[in-house]
Amino acid sequence: MSADSPVAVRRPQRADARRNFDALLSAARAAFAEQGTEASLEDIARRAGVGIGTLYRNFPTRQDLFETVYIGEIEQLCQTADDVASRPPWDALVSWLHRFVAYTATKRAIYEALNRDSSMFRHCREEIYRVGEPLLARAQAAGAVRTDVTFDDTLRMISGLTAGGFVDAAQRDRVLRVALDGLRRQ
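Numbering-wise, the UniProt record's numbering puts 99 at position 99 of the sequence shown, and it's gapless, one number per residue.
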């Protein structure tokens, strides 16, 4: 996320505490994806290899955990945009959209628990547009993507495709390829 963003994951300073924090986020992300927002906090702590007290020290409420997982996903999405920026325009956009698909899986798992009217949610959405719009614009300028498509159109298309879930990763990738072919300039 941008350095001036008011929303960011605040990781502990000590290395051991940071490892526990990151393990909890990873475990929570997996548990929420598998079980939804009702995933057991005890199970999350166990998956992370820490005690329940460590979970509560880092995330005093379930809502704190939901929001931190969500913000972490946005940070990874933003980092991916930076990581792919030097690739050819089409490849950069496609790589970022693949990461966006992974983000939508986590978002779908905790969407109902998030306050979509909050400033946190609004800032996260702004960050997605801040990093994604230039990737689309660059691909359009290079002649790789249709010019009659907006970034919002693209996100809605990908979000709609991923809303129902897939039988397996192969089906997800196949459907995504078909959608991405629709973005290509003919």
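Virtual Cβ for every residue (Gly too), placed ideally from N, Cα, C.
Backbone CA spacing between residue i and residue j [nearest angstrom]
i      : j      : result
Arg87  : Leu136 : 13 Å
Leu97  : Tyr111 : 19 Å
Asp82  : Val94  : 14 Å
Leu25  : Ala102 : 15 Å
Leu161 : Val167 : 13 Å
Ala30  : Pro89  : 31 Å
Glu34  : Lys107 : 12 Å
Asp153 : Val50  : 42 Å
Pro60  : Tyr129 : 30 Å
Val63  : Ala170 : In the sequence as displayed, the identity of residue 63 is Gln instead of Val. Their Cα atoms are separated by approximately 33 Å.
Leu155 : Arg46  : 35 Å
Ala3   : Gly165 : Caution applies to Ala3, whose pLDDT of 49 falls short of 50 and renders its modelled position unreliable; the value that the coordinates give is listed next. Those two C-alpha atoms are separated by around 34 Å.
Arg14  : Asp43  : 24 Å
Residue from the options whose Cα sits closest to the Cα of residue i
i      : options                         : result
Val69  : Phe21, Ala92, Thr54 and His98   : Phe21
Ala48  : Asp64, Glu75, Thr37 and Arg19   : Arg19
Ser119 : Glu67, Ala15, Glu73 and Pro89   : Glu67
Ala142 : Arg116, Ile52, Tyr129 and Ala92 : Ala92
Gln186 : Ala170, Leu176 and Asp148       : Asp148
Val84  : Gly36, Ile71, Val131 and Arg62  : Val131
Glu73  : Ala15, Arg46 and Phe121         : Phe121
Glu75  : Asp181, Ile44, Asp173 and Arg10 : Arg10
Arg99  : Leu176, Gln13 and Arg14         : Leu176
His123 : Ile44, Ile71 and Gln13          : Ile71
Short Cβ contact (7 Å threshold) for residue i with residue j
i      : j      : result
Phe151 : Glu126 : no
Val145 : Leu114 : no
Ala39  : Phe32  : yes
Gly36  : Ala109 : yes
Leu55  : Leu41  : yes
Phe80  : Ser159 : According to the sequence shown, residue 80 is Thr rather than Phe. It is not a contact, given that the beta carbons lie outside the stated cut-off.
Met157 : Ala139 : no
Leu65  : Ala28  : yes
Collapsed DSSP secondary structure at residue i in the structure displayed
i      : result
Arg57  : helix
Val175 : helix
Arg116 : coil
Arg87  : coil
Val149 : coil
Arg14  : coil
Arg184 : strand
Ala144 : coil
Ala39  : coil
Asp168 : coil
Gly51  : coil
CB contact below 7 Å: residue i versus chain D
i     : result
Trp96 : Protein chain content of the structure displayed is limited to a single chain, and chain D is not contained in it.
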